[in-house]
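In terms of my numbering, the sequence shown is numbered consecutively and its last residue is 276. Where a beta carbon is used, it is the ideal one built from N, C-alpha and C, also for glycine. A quick note: this is a predicted structure, and the numbers were derived from the prediction, not measured. The block underneath contains the structure these notes are about, expressed in structure tokens.
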Amino acid sequence: MSKQSVTGRTIVITGGARGIGRAIATELCRRGAMVVIGDIDGEAAARTAAELGLAGGLALDVTDRRSFEAFLARVLEVLGSVDVLISNAGVMPIGAFTDEPDELTRRILDVNVYGVLLGAKLVLPHMLSRRHGHCVHISSLAGENPTPGMVTYCASKQAVLSVTESLRREYRGRGVHFSAVLPTFTRTEMIAGTRAPFGLLAEPEDVARAVADLVARPRRRVTVTRLAGWLAAADKLTPRPIGEFMTRRLGIDHLFLEDVDQNARAAYDERLRRTP
């Protein structure tokens, strides 16, 4: 598909009040798109929308069908259509798997996986009826690179990759595109208290530009940054014992376990615990 302007496109972003979601909204609005963001923190979504001059900022619980239906109904009322759904909402608790409460495991899977599935399920009838649309799913390079201290998170992001590819094949030729975005560690509160190895850190704006370019020219998948993507691709071609030896030497096996600054991470963890 040839590159097109995003000007005038109607775009919905989940988890848009902070971090990567906010950066994506900023970039797409700058390029002339009509953007509505949804977030579990409805007040933060409204503030962000007002600050950025978006078409709207609404409360949205991506794990609740009634909330998602009401959100999309309001978006259609405001914008008239949905050209692009960017499923960005996600959570990333870290730590030893055996210390992870069952409620937190379910929360990760509900937000990171079910939220993507539910969003696609609800918006697809609208897009298919128009034979036009694009579902962009924010996954992670962690979905292809198993990482100690992030067992459930890695599993959830691998699931997003499978969801995206399966939907792409199921609805091939129906006018709807499906894309996965795989960022590396990105400088947001989700990685607070951790340190990224050399070459494996992106800024939210890096992801935002990649997503905006993807909206303009749909592709199956894109990695952010390119260097991180190349390193991940090279790792797949490296014999497993050598690859695992290198990750240990880089300290990646400890990044989300012993090496975490719990004080620096406290604010994110507390907000995650307070979120229903």
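Indicate whether residue i and residue j have their beta-carbon atoms separated by less than 8 angstroms.
| i | j | result |
| --- | --- | --- |
| I108 | I24 | no |
| G16 | R9 | no |
| V294 | V12 | This structure cannot speak to residue 294, because the chain is shown only from 1 to 276. |
| S139 | V181 | yes |
| F68 | L58 | no |
| R31 | V6 | yes |
| T225 | D206 | yes |
| A142 | V111 | no |
| V36 | V136 | no |
| V215 | L28 | yes |
| G193 | Q262 | yes |
| L257 | A96 | yes |
| V260 | I94 | yes |
| T14 | G80 | no |
| G243 | D235 | yes |
| G19 | E189 | yes |
From the DSSP output, in three-state form, read off residue i for me.
| i | result |
| --- | --- |
| V84 | strand |
| V364 | An answer regarding residue 364 cannot be provided, because it is not within the stretch 1 to 276 covered by the chain. |
| I252 | helix |
| V207 | helix |
| L215 | This sequence places Val at residue 215; Leu is not what is there. It is helical. |
| F176 | Reading off the sequence, residue 176 comes out as Val, not Phe. Strand at V176. |
| V6 | coil |
| G38 | strand |
| V181 | strand |
| H126 | helix |
| T63 | coil |
| L54 | coil |
| G133 | strand |
| A120 | helix |
| L141 | helix |
| I11 | strand |
| V222 | strand |
| A192 | coil |
| T186 | strand |
| A155 | helix |
| M1 | At M1, the pLDDT of 38 sits below 50, so the modelled position is not reliable; the number obtained from the coordinates is stated separately. In the structure shown, M1 sits in coil (DSSP, three-state: anything other than H, G, I, E or B). |
| L200 | coil |
| I242 | helix |
Given a threshold of 16 other Cβ atoms within 10 Å of its Cβ, counted over all protein chains shown, does residue i qualify as buried or as exposed?
| i | result |
| --- | --- |
| V78 | exposed |
| G38 | buried |
| D99 | exposed |
| P241 | exposed |
| N145 | buried |
| S156 | buried |
| L237 | exposed |
| R172 | exposed |
| A45 | buried |
| D83 | buried |
| A33 | buried |
| P101 | exposed |
| P183 | buried |
Among residues of its own chain, excluding the 5 on either side of residue i, which ones have a beta-carbon nearer than 6 angstroms to its beta-carbon?
| i | result |
| --- | --- |
| E203 | R187 |
| T26 | L52 |
| M127 | G133, V176 |
| F178 | C135, T164, L167, R168 |
| R131 | G175 |
| T48 | A17, R22, G57 |
| A208 | A23, I24, E27 |
| P239 | none |
| Q158 | G143 |
| V160 | V116, H137, S139 |
Using a Cβ-Cβ cut-off of 7 angstroms (strictly less than) and excluding sequence neighbours within five positions of residue i, which residues of its own chain qualify?
| i | result |
| --- | --- |
| M1 | Here M1 scores only 38 on pLDDT, less than 50, and its place in the model is too uncertain to base an answer on. |
| P147 | Sequence inspection shows Thr at residue 147; the Pro mentioned does not correspond to that position. Result list for T147: C154, I252, F256, in chain order. |
| T275 | I40 |
| A114 | Ala is not the amino acid found at residue 114; the sequence shown has Tyr there. Contacts found: T63. |
| M246 | none |
Quick one: residues in its chain with C-beta nearer than 8 angstroms to the C-beta of residue i, no 5 flanking neighbours on either side, listed in chain order?
| i | result |
| --- | --- |
| P197 | L250, G251, I252, L255 |
| I191 | M92, F185 |
| A264 | A192, G193 |
| L122 | R65, F68, E69, L72 |
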